[in-house]
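Enquirer: 138 is the number of the first residue of the sequence shown in my numbering; add one for each residue after it.
Even for Gly, the Cβ is constructed at its ideal location relative to N, Cα and C.
Here the structure is a predicted model, which means the values were calculated and not measured.
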Amino acid sequence: MAYFSLVEKTKVDIKGVKMYDIIYIGGGLNYAGAIVAAKHGKKVALIEKDLNQLGGTCLHKGCIPSKMFLHYANLVYESKSEIVEGELKLSQKILFEKKDALLRSVTKVIQKQCSYFKMIEGEGKLIAPHKVEVNGKILEAKYIVIGTGSHSFIPDGIEYNAKDIIVSDEVLMLKKLPQNIAIYGTGAIGLEMASFFATAGVSVTLLAHGSGILKHSHPKIQEAVLTQLQKLGINFLPNHPIKSAKSTVENGVKVVYEDESSENFEMLLVAAGRKPNVSVVALDEVTVKRGIVTDDMFETTLKKHYAVGDCNGKVQLAHAARAEVLNVTERILGKNPSLLNLEHVVKFIHTLPMSYATVGKNRDILENEGIAYKESLVTLNQFTYSVYNHAGKGMMVSYVDQEGKILGAEILAPNAEELIATIAMSLAGEMHLDQAKETILAHPTFSEALERTFYKL
């Protein structure tokens, strides 16, 4: 049990219940709100079941280590150019050690930042309005902010063992790469890890429950991403729902499909999505459906009780969670922040060598909502910069309404997640197409293609 020292003279009521202004349950991106609240003089407690995991899934088992893995895998990919003599090989052992050292260092920094408030190691339960039970004790606060994250979903029939049938938690703990792997799922985790393993020299079979990938993206982007995966040597098998998967003694993982055909793989990565962690709620006043139900201000069905990040089931992204908890904290502090528009959250998938990013409304959303729009698509093969950046199949698509207001964009390009920032800021500023046309972007860069999309409208 770890109790970090921090807020002095915490109020205690006559029954011995410790009183706080705000209790944050979950130490993922929730810590960012706790820091702000404590610095503004609030008495704060943060409850996290494992303080060595402070910073959450993103830092320890998600965004940070996965992008580190992809960064070094991309170096291997780049080395395969005919211009480069010799061949690079990824050392998974050294990569794992560097990843662990980085995470330990960052965790220490976060722990130091959290020295303004009480951190309690344990599993918190919201047992009554304003009351949280942890380690057999009851804490009370005027405001409760739940940020308990999510966990990997394991479909029925798959016998997960964390050894050769793994989820994203384990994939980033591998010290040795398998010779072959099957990946079940074509979301962000599935596509990113398929890119990593393939560029690192592992034989990859990508299994999809349905017929395609990135179904909500522009059709031409779907085609280009599939081509990119196949160029990496990934064997994509659509319409292959798994009926059962079980580890065997001699033949690795036996995967049986719903049509009763089967294959064996050395390892199976289950990347079938994530489910909100909602077991923290142990009272009827807070409604739980897929996630913890909240309004547009992230307040639950119980006043002064909030749910942010993955646990509310809205947008399962670390930067969304951070924005939500800061928005809630500012509201508690009386600053009356604007409502967050979750359509303005950048979403991206870091495939190799090109990644996909989108923000705002895209074709799929606009057509489903019946909104009249104009679309402009520019392919990157028009730019010489694409030749030596493996971006010949890349593209940028911009969307505006009939009056020329920018609605959103989709990008398939190297570092798309960086390039999309221009559109994200345009949406925040409610920029018009005419204003965008006045922007002069650098040459030679891929941002020029984004500029070109506006001139084509």
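Pick from A382, Y209, Q365, G322: whose alpha carbon is nearest that of D293?
Expert: D293 has its Cα closest to that of A382, out of A382, Y209, Q365, G322.
Enquirer: Just verifying my parser: in three-state terms, what is the DSSP assignment at A558?
Expert: Helix.
Enquirer: What span of residues does the beta strand (DSSP E) with H288 cover, start to end?
Expert: Run containing H288: 287-289, per the beta strand (DSSP E) assignment.
Enquirer: Which same chain residues, not among the five before or five after G349, have their C-beta less than 7 Å away from its C-beta?
Expert: Hits under 7 Å: Q359, P375.
Enquirer: Using only the alpha-carbon positions, how far apart do K268 and K179 sit?
Expert: The alpha-carbon atoms of K268 and K179 are separated by roughly 17 Å.
Enquirer: Curious, which full-length beta strand (DSSP E) runs of at least 3 residues does the stretch 310-381 contain?
Expert: Fully enclosed beta strand (DSSP E) runs of 3 or longer: 317-321, 340-344, 372-374.
Enquirer: Measuring CB atoms only, is the stretch 462-473 touching the stretch 490-504, in the sense that at least three cross pairs come out at less than 8 Å?
Expert: Touching, no, given that fewer than three Cβ pairs across the two stretches are closer than 8 Å.
Enquirer: Determine, using beta carbons only, whether G170 and T285 come nearer to each other than 7 Å.
Expert: Cβ distance not < 7 Å, so G170 and T285 don't count as in contact.
Enquirer: Nearest by alpha-carbon distance to E234: which of E512, F290, M310, I201 is it?
Expert: Looking at the Cα atoms, M310 is the closest of the given residues.
Enquirer: Grab me the residues of E480's own chain with a C-beta within less than 7 Å of its C-beta, minus the 5 sequence neighbours each way, in chain order.
Expert: Once the five neighbours on either side are set aside, the close Cβ partners of E480 are G497, K498.
Enquirer: Name, in chain order, the residues that DSSP records as bridge partners for R411.
Expert: Bridge partners of R411: S289.
Enquirer: Under the DSSP definition of a beta bridge, which residues are partnered with I486?
Expert: DSSP lists Y493 as partners of I486.
Enquirer: Out of curiosity, what's the CA-to-CA distance linking A125 and K426?
Expert: Since the displayed the chain opens at 138 and closes at 594, residue 125 lies outside it and no answer follows.
Enquirer: From I283 to K380, what does the alpha carbon distance come to, in whole angstroms?
Expert: Computed Cα separation, rounded: 35 Å.
Enquirer: Based on Cα-Cα distance, which residue from V418, E224, S289, G541 lies nearest to V304?
Expert: Nearest option by C-alpha distance: S289.
Enquirer: Using a Cβ-based criterion (distance less than 6 Å to any ligand heavy atom), does F435 qualify as near the ligand NAP?
Expert: In the structure shown, the ligand NAP is absent, as is every other ligand, since no ligand is present at all.
Enquirer: Cβ of E92 within 7 Å of Cβ of P378?
Expert: Within the shown structure, residues of the chain are numbered from 138 to 594, placing residue 92 beyond reach of any answer.
Enquirer: Restricting to Cα atoms, I'd like to know which of I557, Y493, A579 is closest to K352.
Expert: That would be Y493, whose Cα lies nearest to the Cα of K352.
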